[in-house]
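When the letters of the sequence shown are read in order and numbered with the working numbering, they come out as residues 2 to 136. Heads up, the thing below is written out as C-alpha cells.
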Amino acid sequence: MTTHKASCQCGALVAEAVEAPDFVVACNCVACQKRTGSPFGAAAYFGKTVFNVTGEPKTWSRRAESGRKLENHFCETCGSTLYWTLEMRPDHVGVPIGNFDSDSPTPIRAIWMQEKHDWVSFPEDWPTYEKGSPS
Ligand SMILES: [Zn+2]
Ligand SMILES: [Zn+2]
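Have a look at this one:
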C-alpha cells in the first residue's frame, strides 16, 4: 500500500513509497539552494527497497563536498527534481518534501547551518549541524 506519493510539477514523473521515510531533513547547503531556487531544501529519505518511480527521469550528477557522488533525477519537461540518490547513503533516496501530493513529511533536523540565510530560523527543539548529518 502506498503511504507517500510525490510528483514533479507537470505530473510526468511520479514516485511512491510503501513505508514511511527513515528520516526527514532541512538542508541549507548552497547546492540545495541552487536546486530549489529557495533559501533551503527539505527532503524525506526513503529506503530504496520501498521506493518506486513511474516515468523517465533525466539524471545529473555532482560531487558532494566529501567527494562522493550525488545524482539528481529530474523531469525533462518541467525541470523538477523529484528525487536523488547518494553514494554516501546507497540504501536511500531523497525526495523533496515540496513534491508530495499529500501528507508531506516534517523535517526533524537542519543541516549545513553554516550556509543558512540569515533570516531563516528553525524550531528550537530541532538538532542543527554546521555541515552534513553526523554519520
Ligand atoms: Zn514534470
Ligand atoms: Zn543540501
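The beta-carbon is built from N, C-alpha and C at its ideal position, and this holds for glycine as well.
Only counting the same chain, and skipping five residues up and downstream in sequence, which positions put a Cβ closer than 6 Å to that of residue i?
i       : result
Lys-117 : Asn-29
Pro-128 : Arg-110
Do the CB positions of residue i and residue j come within less than 8 Å of each other?
i       : j       : result
Pro-58  : Phe-47  : no
Cys-79  : Gln-10  : yes
Ile-18  : Val-54  : Residue identity differs from the one stated: residue 18 is Ala in this sequence, not Ile. Cβ atoms of Ala-18 and Val-54: not closer than 8 Å.
Trp-120 : Gly-133 : no
Glu-125 : Gln-115 : no
Quick one: what's got a C-beta closer than 7 Å to residue i's C-beta in the same chain, skipping five residues either side?
i      : result
Ala-21 : Thr-4
Ala-7  : Ala-16, Leu-83, Val-96, Asn-100, Phe-101 and Asp-102
Ser-81 : Cys-9, Gln-10, Phe-75 and Asn-100
Measuring only from the beta carbon, is residue i closer than 7 Å to any heavy atom that is part of ligand 2?
i       : result
Val-113 : The sequence shown places Trp at residue 113, rather than the Val named in the question. Flag set: Cβ of Trp-113 near ligand 2.
Ala-18  : no
Gly-38  : no
Gly-42  : yes
Cys-30  : yes
If we ignore side chains and look at the alpha-carbon of each, how far apart do residue i and residue j end up?
i       : j      : result
Glu-72  : Trp-61 : 6 Å
Phe-41  : Val-31 : 8 Å
Ser-105 : Ser-67 : 29 Å
Leu-14  : Thr-86 : 16 Å
Glu-88  : Val-94 : 10 Å
Phe-123 : Gly-56 : 34 Å
Taking 7 Å as the cut-off, is the CB of residue i close to at least one heavy atom of ligand 1?
i       : result
Gln-34  : no
Ala-45  : no
Thr-1   : Because the chain spans 2 through 136 in this model, residue 1 falls outside it and cannot be assessed.
Ala-13  : yes
Ser-134 : no
Ser-81  : yes
Starting from the C-beta of residue i, find all residues in its chain whose C-beta is less than 8 Å away, skip the five residues before and the five after it, and write them out in chain order.
i      : result
Arg-64 : Lys-70 and Leu-71
Met-2  : Val-19
>> Is it the case that the stretch 12-26 contacts the stretch 98-113, given that we only count it when at least three CB pairs across the two stretches are under 8 Å?
In response: yes
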